[in-house]
Structure formats: structure tokens, C-alpha cells
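A.B. asks:
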Amino acid sequence: MIRRLAAALASGTCFTSLAVALPVPAFAQSGAFDISPGSLQQALDAWARQSGRQIIYRVEEIHGARSPGARGPLGAQAALEALLAGTGFVARMDSSGAVAIVRAAPVATSAGVAGGPDDAAAEIVVTGSHIRGVRDTASPTQTITRRDIEKTGYSTVEELFESLPQNFDEVTPEGRFANEGGSLLRGLNNSRVTAIDLRGLGAQSTLTLVNGTRRAGSIGGRVVDISAIPLSVIERVEIVTGGRSAIYGADAVAGVVNLVTRRSFDGAESQAYFGLAQEGGGERLQLSQLVGMEGDRGGFVAAYDFARSWPLDLADVGLLSLEPNPEIGLTQLTLNAQADSSRHSAYLAGRYDLTGSIEVHAETLYTHRRFEDFSLRFFEGAAENSFTDIVNPTEHLGFSGGARADLGSDWTLRLSGALSQVANTARTALFIDLGVVSISDDSVEKARSSLVTASSIADGPLFTVAGITPRLAIGAEWRREGFESVIDGVRDSDLSRNVKSAFAELLVPFAEGGPEGLHRLELSLAARYDDYSDVGGTSNPQIGMIWEPVRGLAFRGTYSTAFRAPALIELEGSVDAFLELVEDPAGGPSVPVLFIDGENPGLEPEEAETWTAGFDYEPVFLPGLRLSFSYFEVEYDGRIEQPSVNADRELVLVRADRFPGLVTPMPSAAQAADFLGRDADGFISNDTGIPFDPAAQNILDVFPDLVLFDNRTSNIAVETVRGLDFGVDAVFPTGWGEIDLGLNLTHTFEHERRVTPTSPAFSLLNEVGKPVDTRARLRAGWTRGAFGATFFVNHVEDYANPFSTPPSRMDSWTTVDLTLRLDGSRLSPTGFLKGLSAALAVQNLLDEDPPLFRNSLQGLLYDSANASPFGRYFSLRLTQRW
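Read left to right, the sequence shown gives residues 1143 to 2024 (the working numbering).
Listed below in C-alpha cells is the structure:
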């Protein structure tokens, strides 16, 4: 050992070495690691102290690198893997047991942490790339570690993304009430799904992965329901914004979110959580148990998580108007922002090194969710209240497995397969009393979406020329998507398709550790071809570049094309007809409009071009500080959407210039008959209050001033989004504790749409029910020994309410969250406090009311897409690590 270190020093390589290697098998021991996110150098020093291992690294090489930290009863290997995740560095071990930290790429040997001189290395693959050892991607990237999650006090994945400024909270249990604006999915979210919607481009434009693999979707197979994934099994969340269709295929238009589960754990962890709103109601209980074991050649993690939620009635918290809506004569009496629900989740993951060069892994997650929701309403002139009672059990099952084999010469082959499905049953009891007529109905709708995937990826270095070693990844993928539904025992849908894909990715590191002006220069290229059995093929390229003129300052930029194929259910071609009274732009009485909703035949994939550009700055003179700035731009062509969605339909005549060719005033008898004939079952939902029987009456006789509106889903013309993200992260040690500061801000300059090539552009920003141009989240934390506190300030800018007369403004909304933490092990390493930690959280500490909105069709007094109804919310989490 002394000779090796002396030789390294004599050759001019400056290393820092810590401690003395312990005489135990490599990484076999386990213990309680508590290493905060921050400087990689400080994290490695802490790992050496806590593990008792010797570690060496170049100080100048890791300077400015940040580590996500590691905490809990982990094996030394698992803790070191966690510290190095996403840093671009890996660990090497020699036969003496010493560990050296080196760059992951380009390298001459496998990237990862070896269990010994003959053991195979575990690859590091960051989200947004298929090449092992990539330090970072040229696209804007955010990583939320488990330590970050613990500071928030949140209990669900949904809460985590609701607080993210880049995400629009549209497809959520609350968001379904926002009838104003938004996308088609909002109105279809009857199963209380929560989906991620980066940039407000629609949840179908964000690809959500679990450990890098796709999962079957909800809402007709369209989106992944993140509420089915318990937060207790999440290790970290990786978010890459910008088009990634060249890497992952369809749906990665706005970006990719990868939920990485806990796959390395040694010991046991028990958690109990309870939260409630100050106004009463909305209680949440969560209990979880996790166990794991780490050995020399593998390990496993198993977990069970139970969650129970009680209703939060908007009438009880003063956010439901109990006055009748004069337009439709409806008074909403009760409406639950949070339904009575329960969730059971079971998780199991394991990995094993078979031969030193072949490792196998597998994992499965099963979730059973059930909610019951009862709501009351009253129609003017009725004899009794109307009600809706929904009972909805849903089962989510996901399984994935695979193997990694070293091929030699630092090439690795990864084989993987996954199977997932979502089975949903909605039992609805409905009674409507309109006075002149009453309707009673009981229905059962069953739906199942499924996904089977198989992929193979090989990656490794190519030839070396002038000291430059490009790295290449090539692969192929096959998947089968399916969706079927049965309504009241009658099969309604039975759809499937196959997708075959081939892709390649190249990384060329032109310079690494070079002179000033060219400290680092890296080019990445990618291309992918996808062949759909129903809508044909599509090719998508991607190019990215990172230029670091001096250490700590990196400029980056990307260009790519992206696409989204129509969901299976969007190709079905069903049509529905609606009669509604719509505001007359001339100020006269409301006008009857016959809407045709559903799908246009012949939908094609939507296409997009995406650009990103920005920089990351970690000043050498101020370690622990990181600034990031990113510009993004997405230009859609052939966007799949309805021309007018939800309550925006109330303004279609006022905004008729947006829909040339789709609005037909004073139609002829032939035109009206053609419209009615598009609805196969001949049923018309009549919300005008004027009796009409399409089987016995001529629609123009009953409604002589009728207007037709073709509102079928189609490939609309153009949609454009431009904006920027700004982020600050800083961790500073002081004499009175560690200070942790952060800012995450997104500002959208423009989000415009043209429904047809000849229609004017109109904004999808800054209106009730739609994304707001500026959202920000500020963080300020303090940690000293066993104690910690973190403040969060959340801000949503003011915006317009076009549904009021005259149009008005919605106030900006700023709330403060607080989390207080206690680590019992820091107070007493023995006794009942050992391994015990507690977190007390208060969301909306100042109890700020959401901005008032008085024009909702359902009587809501707040905008559920941009605010929360819970008010001041208290929660306590207890965690015991064994």
C-alpha cells in the first residue's frame, strides 16, 4: 500500500487518502450512514470516516462535484453507490481493499463499484442516456434525492410533483374539478389519477419511467398514475426536460421523469405518518415497513406500504358555493377534494452476481387502490337532491427483470423485460332529478391496460484517436400495448398494437481536463426509429453539446425532434353529441350549440422540435454553490387535442375566430343531419333544459338558431412553448450548523396554439384552469447535529379569469411550508432513540386562502389546477431504523 501511494505521488498524481483499510471482506460490513447532500469531497470524507475504509481521489478532479448524499442502514457498497449516483465518478478497488474514485467516462475499464478484483462492475446509467458513465446530459436535469424528500415532510409522490414549478397540476384528483380550460384528460379523470405534466404540454407529453422502464397507463392507457407508487420505496427522482424521443421513443416530448426505487438496503425501516387539515377533514394515515439485506454478491429489498385517506368536503372548508348557478340551475351541495380511499402496496427487488461478469436483477410492485366518493347536488325545480356514488377499486402490477453481462474491452450487454397492467373497475350509482324528469342509473365499467416490453442495449468504447475515445450505445426494443374495456357486461374496446424500435447513441469527449478555454468539450448524438403496427414509422434525431471553458462553468445545448403516437383509445373513433346553451357574443340570449366530441378518424402521430440551451456554474472560489439557467422551446405540429375543452366551450362563440371551418351557424337540414349521423348510438346529451327527442323531432324545429361545432379530437395545427428555468443550490458549513439554500423558478414566455393553419394564435397561459407563466419554490434549511429545519416558500403569479363578467384577475398566491426534524441517533447512539427520527411538517404555515374564483360551473370557489383547498396542514412522520 505504501509503495503504491508513493509511486502515485512520485508520478505527480496528487491523491487524498483517509483512514486505514479494515481487514474485512470488501464492502461486506453494514452500518448507519448519515451523509448530507453537498460537496462530493466532503461526502467521500464522511463515508471514509463512517465506513472505516481507505479512499483516495484527486482533489482537483472532484472539485465542484456534488453528491446526493446517503442515509440509513446501508452496506458500505450501497452507501458509496448512493454518494456517487449521478456525479460522473465511480469507485475502483484493488486487492489491498483501498478504494479509488475516478471519472466514469471515458475510461478503459467498466464503470461502477466492484466487489473485488475479479468482480463485475455495476453500471451507472443516468436518465436521458443509454451510455454507462455519462456524467450528465446536455439537457436540463434535476435530481431529487431521498434526503431532499425527507426535508419536505411529504407523504406521497403526488405532493412532491405538485410542488415542482415545472409541473402543471392538471391530472390530479382535485384538478378534475377545473372544468375551465386544460386538456381533454382532465375531464376523463374519473378514477382520480395523478399524472406528471411537464411544461403544461399535457400529461401525455411527459414520459414517466420506473427504474428506466415503461409502465402501463391509466385513463384509457394514456398516462402513468404516480399515486400508485408509494413514496416510502422511492430512492430518488430524476427529471430531464427537453425532447428525449431519440432515446426513449414516444411521449418524451416535454421530458422524462424516472422514479428510482430503493434497491440497495441493509437492515429494516419502519415508518408511521399522520396528517390533518386545521379546518378538519382530509386526514391521511400511512404505515410502511421496509427490510433489506446486502451481501458480497447481491441483496434484496422488500417493502409493504399502507395508506388511508379520509374525505375533505369543499363545503366544509368554505370553498364550495351553495348558491345556484343561474345558467344551468344547479346547486352543488357537497364535493370532495379528497375522497375516502385506501391503498395497499407491496414491493420486492433483488439482484445477484452470478459469475463476476454476469449479474441478474428483478423487481415487482403491486398496488391495490380503492376509493368511494359521494356527492350531492340540487337542480332548480326538482323534488329531491341528485347524487352520484362512485366506488372504484384499481389494481396496478409491474414486474421487470434483466441481466447485465460484461463482454470484454469495457463493453456491456444489458437485457431487460417488463410486464405491467392496470385493471380498473368503476361502479357508479347515479340519480338526477331535473324536476320535469328524473334519471336513475347503475353502471359498472371495467378497463384494463397492459404493456409488455423487451429490450437489449450494448454499450462501450470505440477506437481511440488522438487521445479521444468515443463511446457508443446501440439497442433494439419491442413492446406490445393493449387496452380493453367492458361496460355493463358489453365489450366496448379491445385494442392492441406492436412497436418495434432500433436506436443508437454516440458520445464523443473531445476534451477532458484540458487547458483554460477547453477544459471540457463533449458532443452527443442519438437517433431512433420506431415502427408502429397501426400508425406507421417515425425517425427522430438528437444532438447535444457540453462546453466547459474553465472548471466549474459549463454551457450546454440540445436540439431534437420528438413525437407522440395517438393512444390506442384515441384511434377508436367513438363520437358523442352534446346540446348546450352558450353565451351570445352579441349580448343576446344564450345560443344552442350542438357539439360533436370524440375522435376524428385517421389520427396521425404528433411531431415536435425541441431546443434547450443553458449553463451550470459552480464557482471554484465558493464550493457548495451551484447556479443553473436553462432556456427551452417546443414547437408542436399536428398536436392531438380537442379544439375546445371543458368549460372553454362556454366561450366558443365569443372566440369563434379561433375555430375557422369548425363552427357552422344556421346550418342547413343536411348539415344538421350529417352532424347527428356521426353519433352511432343516436343519443344526445341535452343540457339546454329544453325537451328534445331526436327520434321524434327535427332538431332545427326545436332549435331554429342552432350552431354546430365540430369538437372532435384531431391533429390541430401548431402549438409553441418558450420559457426558462433558473435554479440555485447552496450548502455552506458554518460554526452554528449547515445552511442549505435553494431556488427553483420557471417562467414561460409564450404558450400559444393555432387550431387550424388559418386561425389566429391564442395563449394557453395565465387563465383559470391553465398553466401560469411564473411559478417558484424557495428553500432555506438549517441542520446542526440532531436538529434540522427547512422553510419552503411557494409562489404562483396572478392571472386572468375570463369567465367572469366583466373579465377579472385572480390574485397571486404565496404560501410557506415548514419542516422540523429530529435525528434521535445523534442525541443518543444507544437506547430507544437509536435509529429513531421524527419530522413535523406544516404546509401553508400562514394559512393563506387560495385566490377566490366565483364562476365555476360546479360551484368551486378556487382554481383547483393552481391552488390547494387544504389550508394549514399538519403532519408528523416517525421513522425507526433497525
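Virtual Cβ for every residue (Gly too), placed ideally from N, Cα, C.
To the nearest angstrom, how far is it from the Cα of A1812 to the Cα of L1848?
C.D. replies: Cα-Cα distance, rounded: 13 Å.
A.B. asks: Please report the straight-line C-alpha distance between G1930 and V1787, rounded to a whole angstrom.
C.D. replies: Taking the straight line from one Cα to the other gives about 46 Å.
A.B. asks: Just to confirm the assignment, what range does the alpha helix (DSSP H) spanning E1292 have?
C.D. replies: Note, E1292: alpha helix (DSSP H), R1288 to T1294.
A.B. asks: Skipping 5 residues on each side, what residues in its chain have a beta carbon closer than 6 Å to that of A1644?
C.D. replies: Cβ within range, chain order: A1618 and Y1671.
A.B. asks: Beta strand (DSSP E) containing W1189: first to last residue?
C.D. replies: It is not in any beta strand (DSSP E) - W1189 instead sits in the alpha helix (DSSP H) that spans L1182 to S1193.
A.B. asks: Below 8 Å between beta carbons: does that hold for S1979 and T1925?
C.D. replies: No, the pair does not count as a contact, with Cβ atoms beyond the cut-off.
A.B. asks: A1815 by DSSP, collapsed to three states: which one?
C.D. replies: Residue state, collapsed to three classes: helix.
A.B. asks: Compute the Euclidean distance between the alpha carbons of G1275 and Q1474, then round it to the nearest angstrom.
C.D. replies: Going by the C-alpha atoms only, they are around 56 Å apart.
A.B. asks: Which residue marks the beginning of the alpha helix (DSSP H) containing I1361, and which one marks its end?
C.D. replies: Premise fails: I1361 is in no alpha helix (DSSP H) and is neither H nor E.
A.B. asks: Please report the distance separating the alpha-carbon of F1974 from that of R2023.
C.D. replies: One C-alpha to the other measures close to 11 Å.
A.B. asks: Provide the residue(s) that pair with G1923 in DSSP beta bridges, ordered along the chain.
C.D. replies: DSSP lists D1882 and T1932 as partners of G1923.
A.B. asks: Can you tell me where the alpha helix (DSSP H) holding I1574 begins and where it ends?
C.D. replies: Not the alpha helix (DSSP H): I1574 falls in the beta strand (DSSP E), residues W1553 to D1575.
A.B. asks: Name the one or two DSSP bridge partners that P1535 has.
C.D. replies: In DSSP, P1535 forms a bridge with R1512.
A.B. asks: With 16 other CB atoms within 10 Å as the buried threshold, where does D1989 fall?
C.D. replies: That one is exposed.
A.B. asks: So if DSSP puts Y1390 in a beta bridge, which residue, or which two residues, is it bridged to?
C.D. replies: BP columns for Y1390 are empty, so no partner.
A.B. asks: Can you tell me whether P1944 is buried or exposed, with buried defined as 16 or more other CB within 10 angstroms of its CB?
C.D. replies: P1944 comes out buried.
A.B. asks: Using only the alpha-carbon positions, how far apart do F1771 and E1880 sit?
C.D. replies: If I take the Cα positions, the gap works out to 25 Å.
A.B. asks: Where does S1305 fall in DSSP's three states?
C.D. replies: DSSP places S1305 in coil when its eight states are reduced to three.
A.B. asks: Taking the C-alpha atoms as reference points, what is the distance between A1207 and R1213?
C.D. replies: Spanning the two alpha carbons is a distance of roughly 19 Å.
A.B. asks: Report all residues from its chain with a CB closer than 8 Å to the CB of A1600; omit the five preceding and five following residues, and keep chain order.
C.D. replies: Same-chain partners within the cutoff: L1549, W1553, T1554, L1555, R1556, A1615, I1616 and G1617.
A.B. asks: With a threshold of 6 Å on Cβ separation, who are the neighbours of R1277 within its own chain once the five nearest residues in sequence on each side are excluded?
C.D. replies: For R1277, where only same-chain residues beyond five positions count, the Cβ hits under 6 Å are G1230.
A.B. asks: G1270 to V1382, Cα distance in whole Å?
C.D. replies: In a straight line, the C-alpha of G1270 is about 7 Å away from that of V1382.
A.B. asks: Can you tell me which of L1736, R1621, S1901 and L1518 puts its alpha carbon nearest to the alpha carbon of S1558?
C.D. replies: Answer by Cα proximity: R1621.
A.B. asks: Any chance the region 1419-1435 sits against the region 1401-1409, with 3 or more Cβ pairs inside 8 Å?
C.D. replies: Contact holds: three or more Cβ-Cβ distances are below 8 Å.
A.B. asks: Classify P1468: buried if its beta carbon has 16 or more other beta carbons within 10 angstroms, exposed otherwise.
C.D. replies: The residue is exposed, with fewer than 16 neighbouring Cβ atoms inside 10 Å.
A.B. asks: If you run the structure through DSSP and keep just helix, strand and coil, what is S1374?
C.D. replies: DSSP places S1374 in helix when its eight states are reduced to three.
A.B. asks: Would a C-beta distance cut-off of 8 Å place T1298 and P1315 closer than the cut-off?
C.D. replies: For T1298 and P1315, no; Cβs fall outside 8 Å.
A.B. asks: So, V1399 versus R1386, is the Cβ gap smaller than 8 Å?
C.D. replies: Going by C-beta atoms, V1399 is not nearer than 8 Å to R1386.
A.B. asks: According to DSSP, S1209 sits in a beta bridge with which residue or residues?
C.D. replies: G1180.
A.B. asks: In three-state DSSP terms, what is V1873?
C.D. replies: In the structure shown, V1873 sits in a strand (DSSP, three-state: E or B).
A.B. asks: Beta strand (DSSP E) containing G1602: first to last residue?
C.D. replies: Its beta strand (DSSP E) spans residues S1580 to P1603.
A.B. asks: Is it true that the CB of F1891 sits closer than 8 Å to the CB of R1864?
C.D. replies: Closer than 8 Å, so yes.
A.B. asks: Contact between the region 1526-1538 and the region 1572-1580 is defined here as three or more beta-carbon pairs at a separation below 8 Å; is this criterion met?
C.D. replies: Judged by Cβ distances under 8 Å, the region 1526-1538 makes contact with the region 1572-1580, as three or more pairs qualify.
A.B. asks: Taking all protein chains shown into account, do 16 or more other C-beta atoms lie within 10 angstroms of the C-beta of M1952, making it buried, or fewer, making it exposed?
C.D. replies: Result: buried.
A.B. asks: With DSSP as the reference, label Q1684 as helix, strand or coil.
C.D. replies: Of the three classes helix, strand and coil, the one that applies to Q1684 here is strand, per DSSP.
A.B. asks: Can you check whether the CB of P1453 is closer than 8 Å to the CB of A1481?
C.D. replies: Yes, these two residues count as a Cβ contact at 8 Å.
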